Amino acid sequence: MSSEPTIEDVAAMRADGSLREYFQYLTGRVPAQPKPAAAEPEPPAYHIPRKGAWPCGTAPSGSTPPPCTDCATHHPAS
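Remember, our numbering sits 689 above the position in the sequence shown when you count from 1.
Rendered as structure tokens:
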């Protein structure tokens, strides 16, 4: 029994997509784990209304956006 693969074995591994794993096995290399994708930060699940403050999403130096409709539906007392 031969320990070397035949041309047919290499062709079968190449067609199967496992030729890279075979070479990594022969060389003793460990494939690097892919880094997880960076998760987008979620917006906070709360809103603190402040009477007399600037509208939601604005700053004193910015322009005034349309009113925040989300504030009125979640906080009717404000």
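The beta carbon of each residue, even a glycine, is placed where N, CA and C say it ideally should be.
Just so you know, these numbers come straight off a predicted model, no measurement behind them.
Throw me the rounded Cβ distance for the residue i and residue j pair, which I believe falls under 8 Å.
i, j, result
"V719", "L708", "Contact doesn't hold; Cβ gap of about 17 Å is too wide."
"M702", "Y711", "6 Å"
If I follow the unbroken alpha helix (DSSP H) through residue i, where does it start and stop?
i, result
"Q713", "L708 to T716"
"A700", "I696 to D705"
If you drop the 5 nearest sequence neighbours on each side, which residues of the same chain put their C-beta closer than 8 Å to that of residue i?
i, result
"S692", "none"
Exposed or buried, which one is residue i when buried takes at least 16 other CB atoms within 10 Å?
i, result
"G706", "exposed"
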